[in-house]
Amino acid sequence: MSVNILKKEFKIFQKDFFDFLKTENELPPFLIDYLKSASGKRIRPILGRLFVKSCGKDLNKNQKRLLLAVELIHNASLIHDDVIDNSDIRRGEKSLNTKFDNSLAISCGDLLLSVAMKELVKITSSNVREYCTKLMSEICLGEIDQYFCKNKIPSINEYLEKSRKKTALLFEIAVVGTAKLMSEKKFEKIAQEFSKNFGIAFQLKNDLNDIQTKNEDYKDGIYTAAVIYENEISGKISQELSECTIEKSKSLTDNYLDRAIKALNELENNQFKDVLIELTKQLKEKK
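The sequence shown maps to residues 1 to 287 in our numbering.
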């Protein structure tokens with residue numbers, strides 16, 4: 001049942017997104033083709049859709065517009081990340097900076113951001129518009145902070161705050177933004193707790209996977225939770241992680257996922273809530 005619901009929500013959003021791309025005259029055909037071919041899991045808008053439905057509501061036009069903007073912002077950030085990281089591949093496809101060059105890729109990312117902002121300003125709630133633009137500024141500041149903290153060991157709290165800005169805030173825009181558009185305050189706090197904790201755990205999981213496989217962050221002087229813990233234990237900065245360090249990092253991730261599930265348990269029982277909980281548990285079990 002949960003798999004069917006997830007597939008259905010993905011299919012609905014995918015259609016909305018592709019239909020939007022077809023009607024968006026500002027986007028050049030090659031960029032539309034790229035967005036279609038390098039399609040991801042759409043997890044941020046899917047979480048937003050599922051959260052609204054877990055609250056017993058149907059999505060309205062403002063919520064749909066917000067989730068389209070979130071996906072555009074996410075794709076813009078990936079294009080910019082590929083330039084910053086000199087990445088050749090994105091989701092099994094050549095990255096835009098590889099297909100063309102850095103300057104064109106940056107311009108494409110900027111264009112997607114401008115189209116996303118155009119959608120956000122159409123949202124009728126000034127409160128939600130202000131909320132989204134405020135968090136967008138914080139996301140950008142998180143990237144700037146990361147640059148100036150290279151080759152420095154942060155405290156674990158500093159690292160977690162960076163993770164929130166870098167990753168969790170876009171989850172928050174998707175989930176809290178849609179909750180704010182329901183005009184029922186009781187759902188906003190749940191949305192905030194769920195999306196913040198899920199988003200931080202999502203980044204923690206990616207960071208641990210990176211240092212155990214590609215190790216790109218470490219090479220770039222960006223030290224994540226596992227390296228911070230290893231430094232606390234051994235007194236040195238090292239990419240060679242002890243079992244204790246790995247388990248401590250996993251435990252930190254699980255703690256945030258448990259908080260996310262606890263927040264969801266405040267909602268009334270229904271199939272959409274069950275899917276959200278299952279997705280959160282899957283992230284915990286993901287290798």
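Backbone N, C-alpha and C define an ideal beta-carbon position, used for all residues, glycine too.
Item	Value
Where does the unbroken alpha helix (DSSP H) through residue 161 begin, and where does it stop?	156-163
In this structure, what does DSSP give as the bridge partners for residue 288?	Outside the displayed range of the chain (1 to 287) lies residue 288, so it cannot be described from this structure.
Need the endpoints of the alpha helix (DSSP H) that residue 14 sits in, please.	2-23
Just how far apart, CA to CA, sit residue 176 and residue 271?	20 Å
Could you check whether residue 108 and residue 79 sit closer than 8 Å to each other, using their CB atoms as the reference points?	yes
Of all the options 10, 247, 202 and 136, which has the alpha carbon lying nearest to the alpha carbon of residue 229?	247
Quick one, are the C-beta atoms of residue 153 and residue 218 less than 8 Å apart?	no
Would you call residue 48 buried or exposed, if buried means 16 or more other Cβ atoms sit within 10 Å of its Cβ?	buried
Check whether the segment 193-204 touches the segment 120-131, counting contact only when three or more Cβ pairs, one atom from each stretch, lie closer than 8 Å.	no
Would you kindly report the start and end of the unbroken alpha helix (DSSP H) that includes residue 255?	243-264
With DSSP run on the structure shown, which of helix, strand or coil describes residue 38?	coil
In angstroms with no decimal places, state the Cα-to-Cα distance between residue 85 and residue 129.	31 Å
Using the Cα positions of residue 268 and residue 110, report the straight-line distance between them to the nearest angstrom.	41 Å
Given a cut-off of 8 Å on the beta-carbon distance, is the pair residue 26 and residue 44 in contact?	no
Residue 91: buried (16+ other C-beta within 10 angstroms of its C-beta) or exposed?	exposed
With DSSP collapsed to three states, give me the class of residue 82.	helix
What is the DSSP secondary structure of residue 124, reduced to helix, strand or coil?	coil
Assign residue 3 to buried or exposed, taking buried as 16 or more other Cβ atoms, counted over all protein chains shown, within 10 Å of its Cβ.	exposed
Where does residue 147 land, buried or exposed, given buried means 16+ other C-beta within 10 angstroms?	exposed
Around the Cβ of residue 199, are there at least 16 other Cβ atoms within 10 angstroms (buried) or fewer (exposed)?	buried
So, at 8 Å on beta carbons, what are the nonlocal neighbours of residue 145 in its own chain, with the 5 sequence-adjacent residues on each side left out?	162 and 165
Would residue 34 and residue 135 qualify as a contact pair, given that the criterion is a beta-carbon distance under 8 Å?	no
Grab me the residues of residue 273's own chain with a C-beta within less than 7 Å of its C-beta, minus the 5 sequence neighbours each way, in chain order.	54, 264 and 267
Does the beta-carbon of residue 18 have 16 or more other beta-carbons within 10 angstroms, so that it is buried, or is it exposed?	exposed
What number of angstroms, rounded off, separates the C-alpha of residue 279 from the C-alpha of residue 262?	14 Å
Where does residue 234 fall in DSSP's three states?	helix
Can you tell me whether DSSP reads residue 101 as helix, strand or coil?	coil
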